[in-house]
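J.: The structure follows.
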Amino acid sequence: MREFETRASSTAAQKSKIRERYKGVSADELDVIPALPQEDFYEDVKMKRVAVYARVSTDDPRQTSSYELQKNHYEDVVSRRPNWQLVEIYADEGISGTSLQHRDSFIRMIDDCKKGKIDLIVTKSVSRFARNVVDCIKIIRDLKAMNPPIGVFFETENIYTLNSNSEMSLSFISTLAQEESHNKSEIMNASIEMRFRRGIFLTPPLLGYDQDENGDLVINEEEAKTVRLIFFMYLYGYSTQEISDTLMELKRPTKKGNYVWSPTTVLAVLQNERHCGDVLARKTWTPSYLDHKSKKNRQDRNQYRQRNHHEAIVSRDDFIAVQHKITNSKYGNKSILPELKVIDSGVLKGFVTIHPRWAGFKVDDYKEASFSAYKETDREELPAEASIQPGAFDLRGYEIARTQFFDVQERICVTFSNRNIVFSTAAVRKFGDCMNIELLVHPENLLLAVRPCSAQDKISVQWARKRDGILLPKSISGNAFLPPIFEMFQWNKNCKYKIVGVHRKRNNESILVFNLKETEVLLPNASIIPHEPDLPAKAKEKVMGYPQEWVDNFGSDYYTHTIENEKQNDSQPWDAHTESKPYRESEWNVSSEEELHRNINEIITEMKQEATND
8 MREFETRASS
18 TAAQKSKIRE
28 RYKGVSADEL
38 DVIPALPQED
48 FYEDVKMKRV
58 AVYARVSTDD
68 PRQTSSYELQ
78 KNHYEDVVSR
88 RPNWQLVEIY
98 ADEGISGTSL
108 QHRDSFIRMI
118 DDCKKGKIDL
128 IVTKSVSRFA
138 RNVVDCIKII
148 RDLKAMNPPI
158 GVFFETENIY
168 TLNSNSEMSL
178 SFISTLAQEE
188 SHNKSEIMNA
198 SIEMRFRRGI
208 FLTPPLLGYD
218 QDENGDLVIN
228 EEEAKTVRLI
238 FFMYLYGYST
248 QEISDTLMEL
258 KRPTKKGNYV
268 WSPTTVLAVL
278 QNERHCGDVL
288 ARKTWTPSYL
298 DHKSKKNRQD
308 RNQYRQRNHH
318 EAIVSRDDFI
328 AVQHKITNSK
338 YGNKSILPEL
348 KVIDSGVLKG
358 FVTIHPRWAG
368 FKVDDYKEAS
378 FSAYKETDRE
388 ELPAEASIQP
398 GAFDLRGYEI
408 ARTQFFDVQE
418 RICVTFSNRN
428 IVFSTAAVRK
438 FGDCMNIELL
448 VHPENLLLAV
458 RPCSAQDKIS
468 VQWARKRDGI
478 LLPKSISGNA
488 FLPPIFEMFQ
498 WNKNCKYKIV
508 GVHRKRNNES
518 ILVFNLKETE
528 VLLPNASIIP
538 HEPDLPAKAK
548 EKVMGYPQEW
558 VDNFGSDYYT
568 HTIENEKQND
578 SQPWDAHTES
588 KPYRESEWNV
598 SSEEELHRNI
608 NEIITEMKQE
618 ATND
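Using my numbering, you'd call the opening residue of the sequence shown number 8 and step up by one each time.
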């Protein structure tokens with residue numbers, strides 16, 4: 008109790024001292040040194056070097072009047088102030104205010120401020136200065152922090168940024184300006200969407216076409232010669248560099264009238280679907296109205312395609328062939344149209360040839376090719392149960408243990424990642440000294456097959472190499488074709504997949520078969536065990552995973568396993584080396600080499616004659 012009273016008395020004494028201190032002293036005892044008066048924008052008579060900033064958001068000729076009016080207005084405003092000296096009118100035409108990107112005059116004006124050339128910036132409104140709140144406030148603060156500080160006067164809003172209360176007003180108004188830009192962007196996107204839904208497409212300038220009075224594309228025959236030459240040369244086997252060199256030698260102009268061609272310019276012509284009479288709208292889209300950065304539309308927004316929208320310069324088949332060639336050229340495949348081939352008989356019936364350098368095929372393409380090898384009567388189901396002979400040992404309930412559960416050296420296996428395929432040493436040595444194979448996949452049964460072939464075969468893949476006379480595995484790069492394979496098997500691209508295979512041989516014909524439904528998964532360990540410091544370093548490298556359905560069993564039922572093997576062994580005929588064939592006649596009528604060669608020579612000869620006549 009005594010302690011509490013002592014503490015209370017001490018607190019009361021402290022409060023009393025504070026009250027006494029804050030009574031202050033007499034005003035007669037203090038000398039007040041007055042502050043300089045705050046700068047009044049309208050009363051200030053100091054000489055100021057003034058910069059004017061003007062902007063119009065489009066380069067439409069109709070906006071020129073607005074642009075000129077702004078310039079003339081502020082020339083008059085500056086001339087009426089005797090203490091103002093005009094440094095320069097900084098003007099941007101056809102530039103959005105939501106981003107500083109491409110606003111060259113604005114950026115140059117800020118640089119001149121930093122160099123001490125400007126004391127004051129005058130502009131029409133906040134929306135002319137910036138529609139981005141963050142940019143606006145940051146720039147104003149940077150200008151205010153300079154020595155001496157630089158103010159900005161917004162005429163419409165009557166805001167002078169060197170006034171103490173200006174930032175709150177500026178923040179509010181710039182937020183409204185930004186939201187106005189957002190609303191305009193949404194309205195414009197909705198308008199474009201409605202246009203596309205009605206088949207009303209934008210028609211930018213395009214080599215080979217002019218626009219008639221209705222805005223429709225009509226062929227410009229002189230430019231169309233250049234377009235045809237580009238397509239024919241590329242189909243014939245010329246590179247984009249060789250084509251661009253030829254066009255410059257022939258002095259063929261671009262759509263803009265330039266005579267300088269580059270591989271990129273040639274590629275843009277080759278990839279434009281309008282040259283075959285089609286239109287694909289919204290190839291790109293802009294995620295943010297603030298930075299206006301466009302990105303490729305990967306089904307982020309609706310796309311609209313219209314076939315036969317206008318007269319074609321090149322056939323659709325030639326255009327498709329060019330797109331396939333462009334895609335496959337990235338992976339070293341020089342053929343015009345890689346085509347899927349299927350085996351229609353023998354033990355590998357329904358298997359489709361795959362190649363690491365083939366790109367442009369989808370899962371459905373592989374499935375369609377495989378299905379073409381079968382008739383309805385070919386699809387027989389396995390017996391549901393095995394029949395047990397009298398007196399035989401009943402093995403129902405027994406299972407054939409999976410080899411994945413045993414750490415067996417020299418296993419036949421293959422490992423898939425999203426970039427490459429690697430076969431084990433035991434696998435590559437099953438075919439003797441053969442270093443080239445054919446890869447085949449059965450998309451319905453989820454099986455991978457490997458059979459030997461010669462190095463001269465177009466579909467051959469090198470899977471081994473020799474070192475000191477010893478055959479060793481070689482990694483097979485598969486950037487081109489692995490994405491649809493991973494999709495087909497529903498694999499995660501961040502994981503590796505290891506599959507144990509079997510070696511089957513009959514009549515000196517050998518194949519390796521891998522059941523892709525029974526795979527071990529090498530999981531990235533970081534996401535599985537991120538905080539295990541006591542684990543040895545090697546244990547942290549990877550984590551092995553198995554399918555959920557393996558939890559309650561050791562393998563497949565004994566009799567089911569036996570029946571499957573018997574069915575495979577009884578396949579008649581065996582014919583493991585049956586040649587794969589195109590599963591259908593080509594749906595594309597691509598110009599032949601003879602036609603391409605003739606057309607190229609005719610066009611070049613005609614162009615040279617025209618150049619001579621000129």
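Ideal placement from N, C-alpha and C gives every residue a C-beta, glycine not left out.
For Glu388, I'd like the list of residues in its chain whose CB is within less than 7 Å of its CB, leaving aside the five on either flank, ordered along the chain.
T.: Annotation note: pLDDT 44 at Glu388 (below 50); position unreliable, no value reported.
J.: When the Cα atoms are used, what is the spatial distance from Asp223 to Phe326?
T.: Taking the straight line joining both Cα atoms gives about 21 Å.
J.: By a C-beta neighbour count over all protein chains shown, 10 Å radius and 16 as the cutoff for buried, is Arg115 buried or exposed?
T.: Looking at its Cβ environment, which holds fewer than 16 other Cβ atoms inside 10 Å, Arg115 is exposed.
J.: What residue range is occupied by the uninterrupted beta strand (DSSP E) comprising Val528?
T.: Looking at the DSSP string, the run of the beta strand (DSSP E) that includes Val528 is Glu516 to Leu530.
J.: Relative to the alpha-carbon of Glu527, which residue among Lys500, Ile506 and Ile146 has its alpha-carbon at the smallest distance?
T.: The shortest Cα separation from Glu527 among Lys500, Ile506 and Ile146 belongs to Ile506.
J.: Taking 8 Å as the threshold, find out whether the segment 441–459 comes into contact with the segment 467–478 through three or more Cβ pairs.
T.: Yes: the two stretches touch, three or more of their Cβ pairs being nearer than 8 Å.
J.: From Asn499 to Asn596, what does the alpha carbon distance come to, in whole angstroms?
T.: About 38 Å.
J.: Under a three-way DSSP split, which group does Pro622 fall into?
T.: Residue 622 lies beyond the range of the chain shown here (8 to 621); nothing can be said about it.
J.: Using the three-state DSSP reduction, which class does Arg458 fall into: helix, strand or coil?
T.: Strand.
J.: When DSSP labels each residue in this structure, what does Asn452 get in the three-state scheme?
T.: Coil at Asn452, not helix or strand.
J.: Excluding the 5 residues flanking Arg426 on each side, which residues of the same chain have their C-beta closer than 8 Å to its C-beta?
T.: The answer, listed in chain order, is Ser484, Gly485, Asn486 and Leu489.
J.: Where does the unbroken beta strand (DSSP E) through Val63 begin, and where does it stop?
T.: Lys55 to Val63 is the span of the beta strand (DSSP E), which, as asked, contains Val63.
J.: Looking at Leu254: is its Cβ nearer than 8 Å to the Cβ of Thr271?
T.: Contact flag unset, no.
J.: On a Cα-Cα basis, can you pick out the residue from Ile466, Val509 and Ala433 that is closest to Lys481?
T.: When each option's Cα is compared against that of Lys481, the closest is Ala433.
J.: Which one or two residues does DSSP pair with Thr422 in a beta bridge?
T.: The partner list for Thr422 (beta bridge, DSSP) reads Val429 and Lys505.
J.: Are the segment 349–357 and the segment 314–332 touching, with three or more C-beta to C-beta distances below 8 Å?
T.: Because the criterion of three Cβ pairs below 8 Å is not met, the segment 349–357 and the segment 314–332 do not touch.
J.: Flag this pair as touching only if the segment 23–37 and the segment 93–100 have three or more C-beta atom pairs under 8 Å; answer yes or no.
T.: With a cut-off of 8 Å, the segment 93–100 and the segment 23–37 do not count as touching, because too few Cβ pairs lie within range.
J.: How is His510 classed by DSSP in three states: helix, strand or coil?
T.: If DSSP states are grouped into helix, strand and coil, His510 belongs with the strands.
J.: What whole-angstrom Cβ distance do Lys258 and Tyr266 have, given they're in contact under 8 Å?
T.: Indeed, because the Cβ distance is near 6 Å, the residues count as touching under 8 Å.
J.: Quick one: grab the DSSP three-state call for Val140.
T.: Helix at Val140.
J.: Assuming Thr612 is part of the alpha helix (DSSP H), what are its boundary residues?
T.: Run containing Thr612: Glu600 to Asn620, per the alpha helix (DSSP H) assignment.
J.: Which two residues bound the contiguous alpha helix (DSSP H) that contains Tyr97?
T.: Per DSSP, Tyr97 belongs to no alpha helix (DSSP H); it is in the beta strand (DSSP E), Trp91 to Glu100.
J.: By Cβ distance, which residues of its chain are closer than 6 Å to Arg148, with the 5 residues on each side in sequence left out?
T.: Excluding positions up to five away in sequence, the list is empty.
J.: Does the separation of the CB atoms of Lys55 and Asp111 fall below 8 Å?
T.: Going by C-beta atoms, Lys55 is not nearer than 8 Å to Asp111.
J.: For Thr635, which of Thr168, Lys122, Asn154 and Val141 has the nearest alpha-carbon?
T.: Not covered by the structure: residue 635. The range shown for the chain is 8 to 621.
J.: Give the DSSP bridge partners of Gly158, in chain order.
T.: DSSP, once it has assigned bridges, lists Leu127 as partnering Gly158.
J.: Report yes if the CB atom of Leu455 is closer than 8 Å to the CB atom of Phe521, and no otherwise.
T.: Yes; because the gap between Cβ atoms is below 8 Å, this pair is in contact.
J.: Per the DSSP calculation, Pro480 is bridged to which residue(s)?
T.: Answer is Ala471.
J.: Am I right that Ala58 and Ile146 are in contact with their C-beta atoms under 8 Å? What's the rounded C-beta distance?
T.: In fact, because the Cβ distance is near 13 Å, the residues do not count as touching under 8 Å.
J.: Note down, in chain order, each residue of its chain lying with its Cβ closer than 6 Å to the Cβ of Glu82, except the 5 sequence neighbours on either side.
T.: The answer is none, since no qualifying residue turns up.
J.: Please state whether DSSP places Gln218 in a helix, a strand or coil.
T.: Strand, per DSSP.
J.: Taking 7 Å as the limit between beta carbons, can you name the residues of its chain near Asp67, skipping five residues before and five after?
T.: Note that Asp67 has pLDDT 48, beneath the 50 cutoff, so the model's placement of it is unreliable and the number below is only indicative. Closer than 7 Å at the Cβ level, and outside the excluded window around Asp67, lies no residue.
J.: Sorted by chain position, which residues of the same chain lie with C-beta nearer than 6 Å to Phe493's C-beta, five sequence neighbours on each side aside?
T.: The residues are Lys500.
J.: Just verifying my parser: in three-state terms, what is the DSSP assignment at Leu177?
T.: If DSSP states are grouped into helix, strand and coil, Leu177 belongs with the helices.
J.: Going by DSSP, what residue range makes up the beta strand (DSSP E) through Thr233?
T.: Run containing Thr233: none in the beta strand (DSSP E); it sits in the alpha helix (DSSP H), Glu228 to Tyr243.
J.: How would you call Thr612, buried or exposed, if buried means at least 16 neighbouring beta carbons within 10 angstroms?
T.: Result: exposed.
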